[in-house]
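Enquirer: Mind looking over this structure? Questions follow.
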Amino acid sequence: MKIQRVAVIGAGMAGAACARQLADAGLDVTVFDKSRGLGGRMATRRAVLPQDASADQTLTFDHGAPWWVSSTSNFAEFLKTAEAQGAVVQWTPRMKGQSAHERAPSESQSWVAQPDMPGLVRWMLQGIAVHTGCTIGALHRQESGWELTGDGMPAASGFDAVAVAIPPAQAAALWAPHTADWTARAQAQHMSPCWTLMGVTDDPFNKPAAGATWDVLTPASGPLSLVVRQDGKPGRPAHAGQAHWVAHATVDWTEQHLESAPDGAMAALKAALESALGGALTWRHAVVHRWRYAQWSGAAPQSMPCWWDGSAGLGACGDYLGGGGVEGAWLSGGNLARAILG
Ligand SMILES: Cc1cc2nc3c(=O)[nH]c(=O)nc-3n(C[C@H](O)[C@H](O)[C@H](O)COP(=O)(O)OP(=O)(O)OC[C@H]3O[C@@H](n4cnc5c(N)ncnc54)[C@H](O)[C@@H]3O)c2cc1C
Numbered sequence: 025m026k027i028q029r030v031a032v033i034g035a036g037m038a039g040a041a042c043a044r045q046l047a048d049a050g051l052d053v054t055v056f057d058k059s060r061g062l063g064g065r066m067a068t069r070r071a072v073l074p075q076d077a078s079a080d081q082t083l084t085f086d087h088g089a090p091w092w093v094s095s096t097s098n099f100a101e102f103l104k105t106a107e108a109q110g111a112v113v114q115w116t117p118r119m120k121g122q123s124a125h126e127r128a129p130s131e132s133q134s135w136v137a138q139p140d141m142p143g144l145v146r147w148m149l150q151g152i153a154v155h156t157g158c159t160i161g162a163l164h165r166q167e168s169g170w171e172l173t174g175d176g177m178p179a180a181s182g183f184d185a186v187a188v189a190i191p192p193a194q195a196a197a198l199w200a201p202h203t204a205d206w207t208a209r210a211q212a213q214h215m216s217p218c219w220t221l222m223g224v225t226d227d228p229f230n231k232p233a234a235g236a237t238w239d240v241l242t243p244a245s246g247p248l249s250l251v252v253r254q255d256g257k258p259g260r261p262a263h264a265g266q267a268h269w270v271a272h273a274t275v276d277w278t279e280q281h282l283e284s285a286p287d288g289a290m291a292a293l294k295a296a297l298e299s300a301l302g303g304a305l306t307w308r309h310a311v312v313h314r315w316r317y318a319q320w321s322g323a324a325p326q327s328m329p330c331w332w333d334g335s336a337g338l339g340a341c342g343d344y345l346g347g348g349g350v351e352g353a354w355l356s357g358g359n360l361a362r363a364i365l366g
C-alpha cells in the first residue's frame with residue numbers, strides 16, 4: 025500500500041525529525057501532542073515575578089535538557105543548517121565541579137535552541153499541521169486506515185500509518201491491543217526520573233570580589249547532580265541583581281523522593297543549592313517539576329533505531345531507540361521516516 029497520510033504522535037525531537045522528513049518527501053503529515061507547547065523534554069518554562077510584572081520581565085527556565093551534544097556527522101550537518109536559520113547556537117559553558125560530569129559538554133559540541141529549548145522543534149515543524157492539547161488514548165485499526173481517539177482530539181481517522189514518538193511507558197499503552205511484542209519491549213525500557221528546581225534569587229555573585237566564574241556546577245555528591253546558571257545561557261533573559269537557577273537532582277535522590285509532595289522536594293533542593301553555593305540565598309521565586317521519565321538509561325543502544333511494521337502501518341521512534349538524548353531522538357525519528365518511505 026502506498027503511504028500518503030501519516031499521523032505522528034508526539035512533538036518532541038523524535039516526532040519532529042520524523043514528521044519533517046515525511047513532509048519534505050511530500051507526504052500528508054499531522055502531528056498530535058498532549059502538551060500545550062512543542063518540544064517535549066526539550067522544555068522551557070516561563071515566569072514573571074509579581075514585583076516585575078509591570079516591567080514585563082519574563083524569565084525562562086530550560087528545565088528539561090539543558091543542552092545537547094552532537095557526535096554524528098549527519099546530526100552536526102543538520103545543526104549547522106538550523107544554526108544558519110537562528111534556531112540553535114553553540115555554547116561552551118564554563119564548568120565548575122570536583123568531578124568531571126558525564127554530561128559536561130565538550131568544546132564546540134554543545135548546543136542550545138533559540139530563543140528557548142522548544143525553538144528547534146518549532147522551527148522543524150514549520151508548515152506541518154500540529155494539534156496540541158491532544159492526548160491520544162487509543163489507536164483503532166479500521167478498513168479506511170488508523171483512527172486516533174483521546175482527550176482534546178479533533179476527528180482523526182484515515183491515516184495510512186501512525187508514528188508513535190512518545191516515551192516507552194506511554195507508547196506501551198497504545199500498542200497493547202495491537203502488538204504484544206512491542207508492548208513488552210517498551211515496558212522493559214528503563215527511563216530515569218529527575219526532580220528539577222527552578223529558582224530566582226538575588227545574585228550571590230553580585231559583589232565584584234565574588235564574581236561567578238562558572239555557568240554550570242556539578243556538585244561532588246547529591247542531592248543535586250547539576251546546577252545551571254540559566255541567565256548565563258545564550259539568548260536567555262537576564263536581569264540585573266538576579267540569578268536564575270535550574271538545578272537537577274540525582275537519579276538516586278529522585279528515585280528515593282519520587283512520590284514526595286512538591287513542597288517537600290522544593291525545600292530539600294533549595295537547601296541543597298544553598299549548600300552547593302556555600303551560603304544562604306535570598307529567594308524571589310521557586311518551583312519544582314518532577315520528570316517521571318527524564319532520560320533513557322539503557323546500557324546499550326537498541327539493535328534497531330526505530331521499529332516499523334509495514335503491514336500494519338505502525339512505527340515507533342524516540343530517544344530510547346536511538347541511543348538516548350536529543351541526538352538519539354533525532355536519529356530515531358529520521359530512521360522511522362526513512363522506513364515509512366521505504
Ligand atoms: C531533566 C532532563 C535533563 C536532560 N538532559 C539531557 C542532556 O543533557 N542531553 C541530552 O541530549 N538530553 C537530555 N535529556 C533528554 C532529552 O531531553 C530527551 O532524550 C529527548 O528530548 C527526547 O525526545 P523524544 O522526542 O524521544 O521524547 P519527548 O521529548 O519526551 O517527546 C514526546 C512527546 O510526546 C508527547 N506525548 C506523550 N504521550 C502522549 C500521548 N498519549 N498523546 C499525545 N502526545 C503525547 C509529550 O507531550 C512529548 O511532547 C534530558 C531530559 C531531561 C528531562
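My numbering applies: residue 25 is where the sequence shown begins, and numbers increase by one.
Where a beta carbon is used, it is the ideal one built from N, C-alpha and C, also for glycine.
(1) Can you tell me whether Asp226 is helix, strand or coil according to DSSP?
(2) In this structure, does DSSP put Thr96 in helix, strand or coil?
(3) If the criterion is Cβ atoms closer than 9 Å, does the pair Phe56 and His202 meet it?
(4) Just to confirm, does Lys58 get its C-beta within under 8 Å of one of the non-hydrogen atoms of ligand 3?
(5) Leaving out the 5 sequence neighbours to the left and right, which residues in its chain are closer than 8 Å to Gln81 when beta-carbon positions are compared?
(6) Counting C-beta neighbours from all protein chains within 10 Å, is the total for Thr105 16 or more, i.e. buried, or is it exposed?
(7) Could you have a look at Thr278 and say whether DSSP puts it in helix, strand or coil?
(8) Name the residue from Glu283, Gly339, Ala340, Ser321 whose alpha carbon lies nearest to the alpha carbon of Gly349.
(9) I need the DSSP call for Cys218, collapsed to helix, strand or coil.
(10) Check Thr105 in the structure and name its three-state DSSP category.
(11) Please determine whether the Cβ atom of Ala153 lies at a distance below 8 Å from any heavy atom of ligand 1.
(12) Could you tell me how far apart the beta carbons of Ile364 and Ala204 are, in whole angstroms, since I believe they sit closer than 8 Å?
(13) I need the straight-line Cα distance from Asp86 to Gly161, nearest angstrom please.
(14) Is it right to say Ser123 is buried, meaning 16 or more other beta carbons lie within 10 angstroms of its own, or is it exposed?
(15) Taking Cβ positions, are Thr273 and Cys218 nearer each other than 9 Å?
(16) Let's test the definition: count the other Cβ atoms within 10 Å of the Cβ of Pro258 and tell me whether it reaches 16, buried, or not, exposed.
(17) What's the C-alpha gap between Ala373 and Thr173?
(18) Are the beta-carbon atoms belonging to Ser59 and Gly157 less than 9 Å from one another?
(19) On the DSSP letters alone, give me the boundaries of the alpha helix (DSSP H) that Gln211 sits inside.
(20) In angstroms, rounded to a whole number, what distance separates the CA positions of Ile33 and Gln194?
(21) Mapping the DSSP letters down to three states, classify Lys26 as helix, strand or coil.
(22) Can you tell me whether DSSP reads Arg308 as helix, strand or coil?
Expert: Based on what the coordinates show:
(1) strand
(2) coil
(3) no
(4) Looking at this structure, you won't find ligand 3 anywhere; what it does contain is ligand 1.
(5) Val72, Leu73, Pro261, His263
(6) exposed
(7) helix
(8) Ser321
(9) strand
(10) helix
(11) no
(12) The pair is not a contact, with the Cβ atoms about 22 Å apart (cut-off 8 Å).
(13) 28 Å
(14) Annotation note: pLDDT 47 at Ser123 (below 50); position unreliable, no value reported.
(15) Note on residue identity: the sequence assigns Ala, not Thr, to residue 273. Yes, the Cβ-Cβ distance between Ala273 and Cys218 is below 9 Å.
(16) exposed
(17) Given a span of 25 to 366 for the chain in the structure shown, any question on residue 373 remains unanswerable.
(18) yes
(19) 204-211
(20) 11 Å
(21) coil
(22) strand
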